[in-house]
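Peer 1: If you read the protein sequences in the order shown, they are chains A and B. Numbered continuously in the numbering used here, the first sequence closes out at residue 124. Numbered continuously in the numbering used here, the second sequence closes out at residue 123. Positions of the beta carbon are idealized from the N, C-alpha and C atoms, including for glycine. If you're wondering where the values come from, they're calculated on a predicted model, not measured in any experiment.
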Amino acid sequence: NAGVTQTPKFRVLKTGQSMTLLCAQDMNHEYMYWYRQDPGMGLRLIHYSVGEGTTAKGEVPDGYNVSRLKKQNFLLGLESAAPSQTSVYFCASSYTPTLGWGQETQYFGPGTRLLVL
Amino acid sequence: AQSVTQLDSHVSVSEGTPVLLRCNYSSSYSPSLFWYVQHPNKGLQLLLKYTSAATLVKGINGFEAEFKKSETSFHLTKPSAHMSDAAEYFCVVSRDDYKLSFGAGTTVTVRA
Numbered sequence: 008n009a010g011v012t013q014t015p016k017f018r019v020l021k022t023g024q025s026m027t028l029l030c031a032q033d034m035n036h037e038y039m040y041w042y043r044q045d046p047g048m049g050l051r052l053i054h055y056s057v058g059e060g061t062t063a064k065g066e067v068p069d070g071y072n073v074s075r076l077k078k079q080n081f082l083l084g085l086e087s088a089a090p091s092q093t094s095v096y097f098c099a100s101s102y103t104p105t106l107g108w109g110q111e112t113q114y115f116g117p118g119t120r121l122l123v124l
Numbered sequence: 012a013q014s015v016t017q018l019d020s021h022v023s024v025s026e027g028t029p030v031l032l033r034c035n036y037s038s039s040y041s042p043s044l045f046w047y048v049q050h051p052n053k054g055l056q057l058l059l060k061y062t063s064a065a066t067l068v069k070g071i072n073g074f075e076a077e078f079k080k081s082e083t084s085f086h087l088t089k090p091s092a093h094m095s096d097a098a099e100y101f102c103v104v105s106r107d108d109y110k111l112s113f114g115a116g117t118t119v120t121v122r123a
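#1: Drop a sphere of 10 angstroms on the beta-carbon of D96(B), count the other beta-carbons inside from all chains shown, and report buried for 16 or more, exposed for fewer.
#2: Alpha carbon to alpha carbon, how far is S25(A) from E86(A)? Give it in angstroms, no decimals.
#3: What is the residue span of the beta strand (DSSP E) that Y100(B) lies within?
#4: So that I know if they touch, is there some Cβ in chain A lying closer than 9 Å to that of F78(B)?
#5: With DSSP run on the structure shown, which of helix, strand or coil describes Q92(A)?
#6: Quick one: is P117(A) near chain B, going by C-beta distance under 9 Å?
#7: Is the distance from the Cβ of R18(A) to the Cβ of L83(A) below 9 Å?
#8: Give a yes or no on whether the minimum CB-CB distance between Y40(A) and chain B is below 9 Å.
#9: Report the rounded CA-to-CA distance for K77(A) versus F101(B), giving the unit in angstroms.
#10: Using a Cβ-Cβ cutoff of less than 8 Å, which residues in the same chain neighbour L20(A) once the five nearest sequence positions on both sides are dropped?
#11: Using the rule of at least 16 other Cβ atoms within 10 Å of the residue's Cβ for burial, across every protein chain shown, is E99(B) buried or exposed?
#12: Using only alpha-carbon positions, find the residue among G54(B), S41(B) and N52(B) that is nearest to K60(B).
#13: With burial defined as no fewer than 16 other Cβ atoms inside 10 Å of the residue's Cβ, what is the status of M48(A): buried or exposed?
#14: What does L52(A) reach in chain B if we use C-beta pairs closer than 7 Å?
#15: Tell me whether the beta-carbon of S20(B) lies closer than 9 Å to the beta-carbon of T117(B).
#16: Report yes or no: do three or more beta-carbon pairs, one from the region 26 to 46 of chain A and one from the region 89 to 100 of chain A, lie closer than 8 Å?
#17: Could you name the residues of chain A that G114(B) contacts, counting a contact when the two beta carbons are closer than 7 Å?
#18: Whose CA, out of Q17(B), D108(B) and N52(B), lies closest to the CA of L31(B)?
#19: Note down the Cα distance separating V15(B) from L44(B), rounded to an integer number of angstroms.
#20: Check whether the Cβ atoms of G65(A) and R51(A) sit closer than 9 Å, and answer yes or no.
#21: E77(B) bridges to which residues according to DSSP?
Here it is in structure tokens:
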């Protein structure tokens, strides 16, 4: 049981390049999330998915796209990277949070460090 | 809207002394509250969570937190700090749209 895994662990991009970050979970969770972490700002939600084939915008979605073609995978894409997207990206997953009673507990992957030059 | 404020950006303690990390939340109801820990270059690990059962919540590694509705606080404590407790700690509240709102984080340094 690997939990939540992320690929790659570290990447350097030049401005304008594109890339895809992969998140995989083996806990059969319905919900998946992408966050970015910047110093002094906690984690901010980029996009999320409530199930296979569905995605929705979070707090800071501009410059990113996502896809959830399989329940266990959630991809984050940067079409044209900018230096402002230098950050640490975390993927998380949870059961169905609307059920309450702690079902909204999220389980996080180890993160991807992205540097955009 | 639900939000959290972590009152200290950095806390430094000596090994073996108590640790107190302060968190206040704002919410129109009793939300679910969480503390996560992030060790250097690692992901976030759940320490404990409050979901309207007991107000004193025990977590992993000897940490506990007390939910005080009258003070809108959810402070994290540990009686005796260990070197391995050096990390960043996030207080998190569940919003009414079921997403999580994170505090800015408190960095804990443990002195030998």
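Peer 2: So, from the listed chains and residues:
#1: Taking the first residue of the second sequence as 1, we reach residue 96(B) at position 85. It counts as buried.
#2: As a first step, residue 86(A) must be located in the first sequence, where it is residue number 79. As a first step, residue 25(A) must be located in the first sequence, where it is residue number 18. If you take the alpha carbons of E86(A) and S25(A), they lie about 5 Å apart.
#3: In the second sequence, counting from the first residue as 1, residue 100(B) sits at position 89. Counting along the chain, the beta strand (DSSP E) containing Y100(B) begins and ends at A98 to S105.
#4: Residue mapping note: residue 78(B) aligns to position 67 of the second sequence, counting from 1. Not one chain A Cβ lies under 9 Å of F78(B).
#5: The sequence position of residue 92(A) within the first sequence is 85, counting from 1. The answer is helix: DSSP assigns Q92(A) an H, G or I state.
#6: Position 110 of the first sequence holds residue 117(A). Output row for P117(A): interface = yes.
#7: Numbered from 1 along the first sequence, position 11 holds the residue referred to as residue 18(A). Numbered from 1 along the first sequence, position 76 holds the residue referred to as residue 83(A). It is not a contact, given that the beta carbons lie outside the stated cut-off.
#8: Counted from its first residue, the first sequence places residue 40(A) at position 33. So, interface residue.
#9: Taking the first sequence and counting its residues from 1, the one referred to as residue 77(A) is at position 70. Taking the second sequence and counting its residues from 1, the one referred to as residue 101(B) is at position 90. Their backbone Cα atoms lie some 30 Å apart in a straight line.
#10: As a working mapping, residue 20(A) is identified with position 13 in the first sequence. Counting only Cβ-Cβ distances below 8 Å, and skipping sequence neighbours, we find M26, L85, A88, L121, L122, V123 and L124.
#11: Walking along the second sequence from the start, residue 99(B) turns up at place 88. It is buried - the Cβ of E99(B) has at least 16 other Cβ atoms within 10 Å.
#12: Stepping through the second sequence from its first residue, residue 60(B) is reached at position 49. That would be S41(B), whose Cα lies nearest to the Cα of K60(B).
#13: Here residue 48(A) refers to the residue found at position 41 when the first sequence is read from its first residue. Classification of M48(A): exposed, given that the 10 Å Cβ count is below 16.
#14: As a first step, residue 52(A) must be located in the first sequence, where it is residue number 45. In chain order: K110.
#15: Mapped onto the second sequence, residue 20(B) falls at position 9. Mapped onto the second sequence, residue 117(B) falls at position 106. Closer than 9 Å, so yes.
#16: yes
#17: On the second sequence, position 103 is the one that residue 114(B) refers to. Residues of chain A passing the Cβ test: G49.
#18: Against the second sequence, residue 31(B) aligns to sequence position 20. Minimum Cα distance to L31(B) is reached at Q17(B).
#19: Mapped onto the second sequence, residue 15(B) falls at position 4. Mapped onto the second sequence, residue 44(B) falls at position 33. Near 9 Å, if we compare the C-alpha coordinates of L44(B) and V15(B).
#20: By one-based count along the first sequence, residue 65(A) stands at place 58. By one-based count along the first sequence, residue 51(A) stands at place 44. Going by C-beta atoms, G65(A) is nearer than 9 Å to R51(A).
#21: Numbered from 1 along the second sequence, position 66 holds the residue referred to as residue 77(B). The partner list for E77(B) (beta bridge, DSSP) reads L67(B) and H86(B).
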